[in-house]
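Protein chains in written order, with my numbering: chain A, 1 to 300; chain B, 301 to 559; chain C, 560 to 903; chain D, 904 to 1267; chain E, 1268 to 1502.
Structure first, commentary second.
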Amino acid sequence: MEKFIQLLVYGLQLGSIYALLAIGYTMVFGIIRMINMAHGDFLMMGSYAVFFIVSLFFADQMLGPAIALFVILASASITGFIGVGVERIAYKPLRNRPKISSMIAAIGVSLFTQNFFRAIPFIGPNPRTFPKLLKDVLFFVGPIQLSLVRIVVIILSIVIMSVLYFIIMKTTIGMEMRAASCDKDASSLMGVNVNRVISATFFIGAGLAAISGAFYANNYPVLTVTMGATLGNKAFIAAVIGGIGDIRGAVLGGFIMGVIEIMISSVYSELAYGISFVVLIIILLLKPEGLLGKPMIEKV
Amino acid sequence: MSVLKADHISIQFGGLRAVNDFSLDLQEKELYSIIGPNGAGKTTVFNMLTGIYQPTEGSIYIDGKLMAGCKPYQFTAAGLARTFQNIRLFHGATVLDNVKMAHSFKTDYNFFNMLTRTGKYHSEERRITEKSMELLEMFDLQDKKDFFANNLPYGEQRKLEIVRALATEPKVILLDEPAAGMNPNEIDDVVNLILRVQKELGKAILVIEHHMKMVMKIAEYIKVLDFGETISEGTPEKVQNDPKVIEAYLGGHANASRS
Amino acid sequence: MNWLRKNSEVIILPLIYVVIFLLQKNKILNNYIIQIIMLAGVNIIMTLSLNLVNGMTGQNSIGHAGFMAVGAYVSALFSKIIFSAATMPPALQTVFFLLATIAGGIGAAIFGFLIGMPTLRLKGDYLAIVTLGFGEVIRSIIRITPTVGAARGLTGIPKLASLFWIFVFVTITIYVCRNYMDSAYGRGCLAIRDNEVAADTMGINTSKYKVQAFVTSAFIAGIAGSMYAHTLRYLHPDVFSYTKSTDFLVYLYAGGVGSISGSILGAFVLTALPEILRFMNEWRLVIYGGLLVVIILFRPVGMFGGKEFAFLKLKTGGIRHIGFSNLFQRKSKKTAVANEEISQ
Amino acid sequence: VSAEKTIPDEINLGMISTISGSQAIDGQNMTDAIKLVQKELEENGGLDVDGKKVKINWIIEDCEAKPEIAVNAAQKLIEQDGVLAIVGPNNSGDTIASAEISQAAKIPQITNTGTNEAVTKVGDYVFRACIIDPFQGKVVAQFAYENLGLRKTAVIYDNADTYSAGLDKAFVDAFVALGGEVVANEAFSGADVKDFSAQLINIKNANPEAVFVPAHIDNIPLILQQIRGMGIEATLLGCDSWDYAAMPELVGLDVIEGAYYVTGFSPDAETAADFVKAFTDLAGYRPSFCSAMAYEAAHIVLNAIQNAETIDGTGIRDAMMKTELDLPSGHVTFDEFRNPIKSGIILQVRNGVAQYVGSVSPSK
Amino acid sequence: MLLEVNDLHVNYGAIKAVKGISFYVEKGEIVTLIGANGAGKTTTLRTITGLEHAASGTIHFKDKDITNIAPHRIVEMGITHVPEGRRIFTNLTVMENLKMAALLRKDPEGKKASYEEVFELFPRLKERRMQPSITLSGGEQQMLAVGRAIVTGGDLVVLDEPSMGLAPKIVDEIFEVIQRMNQEGKTILLNEQNAFMALSVANRAYVLETGNITIEGPAKDLLTDPRVKEAYLGS
Ligand SMILES: Nc1ncnc2c1ncn2[C@@H]1O[C@H](COP(=O)(O)OP(=O)(O)OP(=O)(O)O)[C@@H](O)[C@H]1O
Ligand SMILES: Nc1ncnc2c1ncn2[C@@H]1O[C@H](COP(=O)(O)OP(=O)(O)OP(=O)(O)O)[C@@H](O)[C@H]1O
Ligand SMILES: CC(C)C[C@H](N)C(=O)O
Ligand SMILES: [Mg+2]
Ligand SMILES: [Mg+2]
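Below you can see the structure in the form of structure tokens.
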């Protein structure tokens, strides 16, 4: 039982990172209906941005929470703008095309960025150590070991989820986003600047990826140019499991993925990887539209 | 002989009873119409009659066969075809292919023949193409056979839907607002086409339509729905003079002259 | 004979083979180029297989490397472990190679059925995740199965595939896919892709058509797997990862989804491109990624989207035929009045 | 030296490596090693073959850590560039796949760090410059049991990786045979796993005296950090994949301090001093096992060219079989299976630098 | 002149949908476009609001050139467009659809009043205000589309087949709404298949045939024009 709870805690901690990343993923999908295969690379850029800001300006000093927050937000903005730029250059021309075209463009963008970063000398192929942004504090509740930073991430992912959910469901820009996702022409006829809405979406999506990158790297402090690739996939899976396009679903999906991964590895580590996919497949077979996804109403 | 029979069918969406206790008995070559205000449940009736929705109560018979639990394709196999209120063509395919697609389930060669082009493959393909072209000619669409379906003007898309439905060689054909978006002249065309389908091809027809002039001209029997209930039924004369129908639906258009 | 007359178009592929063969014999094409052509051939078979599901039926499979893995491992199991074909006389080797390939195809088809059936009610990205998951499950099983080398990989598979055999199977695959597309079965699939509800109401048993396409596609992927195993002679579960599936998706969509010619061209060009870019050293994949974006920006429907080589004599789908006569003309005569796009 | 030996003016040699992909660091290490070889050659005005200075051109190809790309690379080097020998690739899978090509073309290929046993079994043209996994695993086990006196160990390994899974098996077999107990043998799947809590909690509960971590560079830091983060105080044991100059810093000096690992090369050895200095001057970092072995592989090839009876693939191969060469790791000869007869070197990280502890010779 | 279209050409790839048409709309008028299926009416309207690209020609609104500028900017200048095929936001509720339509309106009071106006006009929508609009029937969706235009309320209201799929009674109501909006000072550009109704309410009309304007004039005259009668008013 103790072990179970401890594993659950570990699972939630890992899941919170997936959740954070999945929020951005599902948001971009929800609004633009595009599978952004390069989303994981925004995470990578975000953590490198933190790395460079810290090593340029705050080398060798322990950062307080305030500075850490500032650094994270700064790198989130940088990545956010890169995201907007990528959308303008590579995805926008494909907006009215089958959405799979933009997925292929995203694969191209992903290949390009990873290998570009690998090829330029000041990033290069060597892994880097991520600077400790926040000093982690380990403490015990009974026999259960907890990590302060990770609890912060869990809470953060839920807070961000709630804020974004509120923005999307209750504010005007949120309504514009939802309308644009349904029908771009019609929303421009209501006076919505669709380009701006999409840019905003990408800014938030890429910025969130950068934030998750910062927390991810804080917990797993090795940076490589390919670090985003699989994480991107996991976020995608988490988003789908939760019901793609639904922010709450993304968070739920993220947590479930984390817990499944940890629990099964602990019981049968040899086949854990396969079994966790089996579990995900079973979830989808039982709930074909994802956990929180609404069944697609097809009005005939 | 009864080709399509609905026996007291009803359907519930959550709290909403969209159609309540609807019955219909359509004989060979008959032409019925369903009318009623927007949201009355007409399309929903069609959806039940074609197997897209399962009625919560009641049963449906096609050609005397009970269709409980069947999928839409089985309804079609049993002899029923339809068009859609919101056009649903195969937009990535050409006009001719759209019609040929509707022949798929009546093709007389098997999977292996298909892969190797043996057996009746060639003769069947020729037959399908010829039959499809015949139907297109009947609707004057033969010149547009190589157009992508979604590049046709609206009216022709509606016609193509009818052609496609006919290609399944049904006994009954259900038309959901076939004249929507057409001008009166074009509606006259549609009227003639529908009558030809009934007379020349011998199909039983069920039409939903808001153009009263058209309905009154072609329908032999009309059922009027409002809030899912059948509020009136009978011959066109009877229905258009029924005060309940005028109140709920026709407004100033009783003895419809224009629309 | 009658059959040959009606299918005269298939002659062109053997012709291409003869040309390549002669060039190879005269040392104009070296083994390196032949190797690339062989790999491209394997990729063409895979891309055509994917096209049946993603292009024709509109289902979203992003784990197709899983089927390839099954085909590769089953055929290698057959030719190396059950019967050690390497030590057989050449004629018998060929027989066992073909048997192994068919075994690989059947193995993959069985898996195709197993995942095709339960996933029928899944759509779009949800289906995509299941196919992806399936591919990963396959890998994770291979990884702990000692008979097929587990994580060490399987070495010493007899080299039985050759340019000739790959050409044979590419030709058969093209032929079969062309026939599939131009038939009631293929049209049924296209109908499902374009509008499932309408397809259903037009009498098409959507479940059956989808499973048929899935199983056929898996079978073909299994064949490609066998070719791969017997060309490379070394298998490792990680080769068939999700990244590999993504490669095929890229070939398919950059080539032009739904178009058989597009699949062929996409697989060929994009297999060769990274090799052509070798002179760029570490910038190689940077340029490759960039070019991919450029291709899709300039031709969002893919290089050959909505077009087919005329020799395939494809009729279905409102395509534009590109023959040798008009290949080099800027404005080709249209057989279909249409925008060339396949909207999804 | 036979009379009919014709000596060309130029010789092309190839190197295949993971320039891109997740093992790109090896690509850089190997490229730098070849640069050093090239520099040495230039300083001598070329390779001295029976008194004639032969110009050596190194052609470096990327294999992305994908077997079929490695095959393409080998084909290209052999067919297009006409290389007479190939160095690399650095991992076993790529080597096995590409070696089929060299074998068929009768061009010798020598991998620098393809440690898997199966590599040289591809054929008699395939060599390696490094030690093999079963031996490595055995050396770690033996060192842990006999020198450190440990009886209870645990392993965490990647069961998706040829190398990692192979070492796990070798270590477990050897350690158990010695009489020790492997109290936890935990797997994870794939280099992209970053959280090892579940595996480590099992290891922690088993309370081992040491944990052996046969993993790749992108995972080692995380695993080690998490081992300590979880409060496991056991001795850390590693293998040749640990040997990068940047590793201690990447892992964290406090975490890795005191850890032992086995490799086939010690930068502290007298024989290595010149090489280490030259490499560090050129590349700006200390040579790793990967770069040292690439350097040695290149020299084995060059030496064979000098001694070959005929300068072609077969001649070079035959000469490679007879290698008697003093290299940074010591005196190198090959056994009949084309594996070098080398000792396993044990290094310990002390004050943030890997330092020589001892060596275990293969006969033992 | 409120709207002036001059020698407009619009193409879809190789297809020439509009081949050089010119027309104008004066402030306060109801102008209708009639024509057969595929004549280019929808294309014309979509080009006015920037949804399609004009190959050549100019469009002026309030004496400003609005040719090929972004739709949302045209809408801001005061053109409201009820597009063909309803185009409601099916993932939003009925109420949210109306709120979307009020996006550019700055007066909270007026907004509320206009919602009420819509609900008064179409009581069915009021019943379904919190329902996701995808579940509405075809006609209900059409009501919502027209309702949105009432809420947006620009100076020029462009309606593309507002009566499509509506019950006869509601068709009458829609035309009453159109006339009422006109009386309240809005200018109307109407594309309608129900030529009889359209000509009855309009001041002036244009007949489009395969991308060209073939007949134009006061609506009254067209109603009796034999060419129009034969082609568009039916027997
Ligand atoms: N899947 C569904 N879920 C919930 N409500 C539904 C669903 N389908 C239809 N309805 C409701 O059922 C009622 C009847 O709809 P239906 O489409 O049958 O109307 P109709 O008579 O065809 O109207 P119209 O003439 O406007 O097309 C409508 O109020 C609609 O909102
Ligand atoms: N997206 C498109 N791609 C290609 N052609 C198109 C497209 N949209 C319309 N067309 C073509 O342009 C021409 C004009 O179409 P438009 O929709 O403007 O006609 P309309 O007068 O509005 O007809 P309807 O009364 O049927 O709505 C038609 O021939 C149509 O086929
Ligand atoms: C770079 C090394 C860790 C590679 C490893 N020795 C292998 O054989 O795959
Ligand atoms: Mg309806
Ligand atoms: Mg129109």
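Idealized CB from N, CA, C, for every residue including glycine.
task: Go ahead and label Val9/A buried or exposed: buried means 16 or more other beta carbons lie within 10 angstroms of its beta carbon, across all protein chains shown.
output: buried
task: Please confirm if the region 330-340 of chain B is in contact with the region 267-283 of chain A, defined as three or more CB-CB distances below 8 Å between the two stretches.
output: no
Close beta carbons around Met933/D, own chain, < 7 Å, minus the five adjacent residues each side: Met918, Ser920, Gly991, Asn993, Asn1015, Cys1193, Ser1194, Ala1197
query: Do you know offhand how far Pro1111/D's Cα is from Ile604/C's?
result: 51 Å
- prompt: If Met27/A and Ile198/A are in contact, beta carbons under 8 Å, what's the gap, nearest whole angstrom?
  reply: Met27/A to Ile198/A, Cβ: 11 Å. No contact.
query: CB Leu1300/E to CB Gly191/A, shorter than 7 Å?
result: no
query: Between Val896/C and chain B, is there a C-beta pair that is closer than 7 Å?
result: Interpretation of Val896/C is limited by its pLDDT of 37, a score under 50 that renders its predicted location unreliable; the figure taken from the coordinates is listed afterwards. For Val896/C, the answer is yes, since a Cβ of chain B falls inside 7 Å of its Cβ.
field: Separation of Thr343/B from Leu501/B, as counted between CA atoms
entry: 25 Å
- prompt: Does the Cβ of Leu1318/E have 16 or more other Cβ atoms within 10 Å, making it buried, or fewer, making it exposed?
  reply: buried
- prompt: Beta-carbon separation of Glu1089/D and Ser269/A under 7 Å?
  reply: yes
- prompt: Beta carbon of Gly1405/E: closer than 6 Å to some heavy atom of ligand 4?
  reply: yes
query: Where Glu289/A and Ile1355/E are concerned, what is the direct C-alpha to C-alpha distance, given to the nearest angstrom?
result: 23 Å
- prompt: Relative to chain E, which residues along the region 463-491 of chain B have a C-beta separation below 8 Å, given in chain order?
  reply: Glu477, Ala480, Gly481, Met482, Asn483, Pro484, Asn485, Glu486, Ile487, Asp488
- prompt: For Asn492/B, is the classification buried or exposed, using 16 other Cβ atoms within 10 angstroms of its Cβ as the cut-off for buried?
  reply: exposed
- prompt: How would you write the range of the alpha helix (DSSP H) that Phe827/C sits in, first residue to last?
  reply: 819-835
- prompt: Under 7 Å between the Cβ atoms of Val1158/D and Gln1128/D?
  reply: yes
query: Taking just the CA atoms, how far does Arg417/B sit from Tyr734/C?
result: 10 Å
At least three beta-carbon pairs within less than 8 Å, the region 782-796 of chain C to the region 578-589 of chain C: no
message: Considering just the uninterrupted stretch of the beta strand (DSSP E) at Glu945/D, what are its terminal residues?
response: Run containing Glu945/D: none in the beta strand (DSSP E); it sits in the alpha helix (DSSP H), 927-946.
field: Identity of the residues DSSP links to His1348/E by a beta bridge
entry: Val1425/E
task: Confirm, please, whether the CB-CB distance from Ala340/B to Leu525/B is below 7 Å.
output: yes
query: Relative to the C-alpha of Lys908/D, which residue among Pro1011/D, Asn915/D, Gly954/D is closest?
result: Gly954/D
message: Can you list, in chain order, the residues of its chain with a C-beta nearer than 6 Å to that of Val137/A? Leave out the 5 residues immediately preceding and following it.
response: Leu148
Contact belief for Thr356/B with Ser310/B at Cβ below 8 Å, rounded distance in angstroms: 6 Å
- request: Could you tell me how far apart the beta carbons of Gly622/C and Phe693/C are, in whole angstroms, since I believe they sit closer than 8 Å?
  value: 5 Å
query: DSSP state of Thr1334/E, grouped into three classes?
result: coil
query: What in chain B is Cβ-close to Tyr1499/E, meaning under 8 Å?
result: Asn483, Pro484, Asn485
message: With DSSP as the reference, identify every bridge partner of Met918/D, one or two as the case may be.
response: Ile963/D, Val990/D
- request: Could you pull out every residue in the same chain whose Cβ sits closer than 8 Å to the Cβ of Ala318/B, ignoring the five residues on either side in sequence?
  value: Ile311, Gln312, Gly341, Thr344, Gly528
field: Alpha-carbon to alpha-carbon, Val696/C and Gly274/A
entry: 4 Å
message: Would you call the region 1101-1121 of chain D in contact with the region 1053-1065 of chain D, where contact means no fewer than 3 C-beta pairs closer than 8 Å?
response: yes
- request: Measure the CB-CB distance between Leu304/B and Ile362/B and report whether it falls below 7 Å.
  value: yes
task: Identify which residue in Thr1213/D, Ser1246/D, Ile1203/D, Ile1214/D has its Cα closest to the Cα of Asp1229/D.
output: Ile1203/D
message: Between the alpha carbons of Asp1061/D and Ala968/D, how many angstroms are there, rounded?
response: 16 Å
- prompt: Would you call the CB atoms of Thr998/D and Val1022/D closer than 7 Å?
  reply: yes
- request: Given a cut-off of 7 Å, decide if Val1285/E and Leu1270/E are closer than it, judged by their beta-carbon atoms.
  value: no
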